[in-house]
Every structure is written in C-alpha cells, then in structure tokens.
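Protein sequences, first through last, are from chains A and B. Heads up: the first sequence runs through residues 97 to 182, numbered per our numbering. Heads up: the second sequence runs through residues 75 to 280, numbered per our numbering. Here a beta-carbon is modelled for each residue, glycine too, at the ideal position from N, C-alpha and C. Structure first, commentary second.
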Amino acid sequence: MLMCRDLAIVASDYIDGNLGAVDNLSVRMHLLMCRHCRSFIGNLRSSIQLMRGHSDNVLDDRLARRLDREIDKALQSKSKGGPDKD
Amino acid sequence: MEQAADITEESQLIERLQRGDPAAYRAAVRAYTPAMLAVARFYLDRDSAEDVVQDSWVAVVGAIKKFERRSGLKTWLHRIVANRAKNQLRHSQREISTDFGDALEPALAARFARNGRWATPPPLTTIASAEALMENGALSDCLDKHLADLPEKQRSALMLYEAHRHKSDDVCNILDVSASNLRVLLHRARQRIFLMIETFQETGEC
Ligand SMILES: [Zn+2]
C-alpha cells in the first residue's frame, strides 16, 4: 500500500501528470483517505504556482552595462564590414 | 496569457536585432540575460558564467541574421549559452558534480515516521492561493533569497522549467541531464520552496 512518504516522493510526477495509470490511481486512493497528504499536495501546487508567477528578470546594472558595451563594439565592427565570423 | 501578442512582440524584436538596432539589443539583454545566466550557472561558477553569457551575446550579433525561428528566441539563446558553457567546462576540466541523490529533501524526509506516515504533517490550513501569495512583497523577497540559496543545478532546472516554462525535453537538452534526473532536480527544488513558504506562513519569517 502507498504510504504518505511514498506519496511525497512521487508528488511532482503526480502533479505534472507523469505517473502511469496504476500509480496515479494509488495516489488518488490515498488522497481520498489522507487529509495530510491532501494538504501537502495542495500546498506543493501553490508553491509551484508561485514559482511560475515569479520572475527572475532582474539584471544587475554592472553586468547590463558591460554587455551593452560589448554588443556595441560587436555591432560597430560588423557595420564597418568586418569579416563575419561564426 | 497573451501568447499571440508575445509572438508578435518577439518577431518585431527579432527583426530589429537582425537590423542591428542597438536599442533592441539593450531591451533583449535585459529581458533574456537572467535566464541565460541560469543556464550558464548550471555548468560554471559565477564569473565564468558571466563571461560565457557575454561571449554568447557577441556571437548573437553575428548569428542573428541566420536565426530561422524554428524555435523561440529564448530557446535559441539558451542553446547558444549551453553549448558555450559546456565547451568551457570541458576546457577547464572541471567536473560537474552530479548529486541527484534522493527524491526527498532531508528536511521533508525527517517529517515522516518509521511506518511511512506523517510524523509532522503539513498544517491543515492550506497555503493561501498563489495570487494572494504573489501580492505579498515580503514573501516575494523571501523567495528570491531562497532561490539564490538553492544548489545551482536545482535552481537552473526550476527557473527554466517553471519560471521560463521551457518544455522538459528542452530543459534536458540545455542542461544535458536525463529526464529522470531533471524530475529529481525539480522535485527537490519544489520541496524546498514548499518548506520555505510553510515556514513563512507559520512564523512570518523568512
Ligand atoms: Zn498520506
């Protein structure tokens, strides 16, 4: 029988729909009977949602300016008709 | 989701990049670099990762004309970075430690009794909805901090799969890991975020 610990191990696969039919059914049966695991899965789902809404699109200024400089150099040498290297 | 709008925006950006428009490069650098760093950091230390990202952007200036849009711009950029990072890694002879290990985070594994049932179950008051969580600025800061503390491999996998919504095949390719190893990386990272939110909700502290 599937124990809570087993369920925690396959929780991501369950949420992402990667479990086979038999395993999927055992997880569902367990969830019907176990409120702790229901709240675990619910909370794990919310965590995943939170991650999806979270952006890491913050670039520190130092690196951004450094990249701008290097790109400008590359653009200039290209427009001077420098050899295309790839 | 504004998928159609995103695609139009992306193709306009690509055209401007192909014309060599410096303002387009500035916008693209700010939009795409954080995820490119996440890719490079999977393989390399911080400084080398920044160098590889820089080389990649310079390469993009030369290669963007030939970009055929068979993949999205983001995926294309990530492949460029991943190839360069892998080469660099080979060059430096550094081994990437592949600690894929157990499926459970130790902090979570410790919460089960011998018989496999919860000894310290999650609180029954469920975590607030994701929308409510996202509006919580303190939690968002806390998430940033914990993301920064994740092992690089977990963080890269999590960012590419969840935040940047790459398909798992693409993530496996970019990070050079098997599908099952990716599953473990993702699951471990998710558990950590889950534990972080749980603590935050219970104590109000990060
Ligand atoms: Zn259970």
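query: Contacts that A:Met99 makes with chain B (C-beta to C-beta distance below 9 Å); result: Phe186, Asn189, Gly190, Arg191
query: Within-8 Å CB hit, B:Gly278 to chain A; result: no
query: Backbone secondary structure at B:Phe268 - three-state DSSP; result: helix
query: Residues in the region 118-135 of chain A having any Cβ partner in chain B nearer than 7 Å; result: Arg131, His132, Ser135
query: Interface flag, A:Leu171 vs chain B, CB-CB below 8 Å; result: yes
query: Residues within the region 83-96 of chain B neighbouring chain A, beta-carbon criterion of under 8 Å; result: Gly94, Pro96
query: Cβ pair B:Ala181, B:Leu259 closer than 8 Å; result: no
query: Interface flag, A:Lys181 vs chain B, CB-CB below 8 Å; result: Legend: pLDDT at A:Lys181 = 46, less than 50; position of this residue unreliable, no value from coordinates given.
query: Three CB pairs or more closer than 8 Å across the region 110-129 of chain B and the region 150-168 of chain B; result: yes
query: Beta bridge counterpart(s) of B:Trp192 as assigned by DSSP; result: B:Phe186
query: CB contact check: A:Asp157 to chain B, cutoff 8 Å; result: no
query: The region 206-222 of chain B / the region 85-105 of chain B touching (three or more Cβ pairs under 8 Å); result: no
query: Any 3 or more C-beta pairs closer than 8 Å across the region 246-263 of chain B and the region 177-193 of chain B; result: yes
query: Closer than 6 Å: residues whose CB approaches a heavy atom of ligand 1; result: A:Cys100, A:Leu103, A:His126, A:Cys130, A:His132, A:Cys133
query: Contact between the region 228-235 of chain B and the region 163-172 of chain A (3+ Cβ pairs under 8 Å); result: no
query: CB contact below 8 Å: A:Leu163 versus chain B; result: yes
query: A:Lys174 at chain B interface by Cβ criterion, 8 Å; result: yes
query: Alpha helix (DSSP H) runs contained entirely in the region 214-272 of chain B, provided each spans 4 or more residues; result: 226-232, 242-249
query: A:Cys100 in three-state terms, based on DSSP; result: helix
query: Same chain, Cβ closer than 7 Å to A:Ala104, neighbours up to 5 away in sequence not counted; result: Phe136
query: Backbone secondary structure at A:Phe136 - three-state DSSP; result: helix
query: Of the listed residues B:Glu89, B:Arg239, B:Val113, nearest to A:Gln145 (C-alpha basis); result: B:Arg239
query: For A:His150, the first and last residue of its enclosing alpha helix (DSSP H); result: Element bounds for A:His150: n/a, residue is neither H nor E.
query: Residue span of the alpha helix (DSSP H) that contains B:Phe116, given as start and end; result: 96-117
query: Alpha carbon of B:Ser242 to alpha carbon of B:Arg257, nearest angstrom; result: 9 Å
query: Backbone CA spacing between B:Ser212 and B:Val113 [nearest angstrom]; result: It is Ala, not Ser, that sits at residue 212 of chain B in the sequence shown. If you take the alpha carbons of B:Ala212 and B:Val113, they lie about 27 Å apart.
query: Reference A:Tyr110; option with closest CA among A:Met129, A:Gly149, A:Cys133; result: A:Cys133
query: 6 Å CB neighbourhood of A:Ser173 in its chain, flanking five on each side removed; result: none
query: B:His165 to B:Asp250 span [Cα, whole Å]; result: 17 Å
query: Unbroken alpha helix (DSSP H) run spanning B:Asn157, endpoints; result: 147-166
query: Limits of the unbroken alpha helix (DSSP H) element including A:Ile167; result: 157-175
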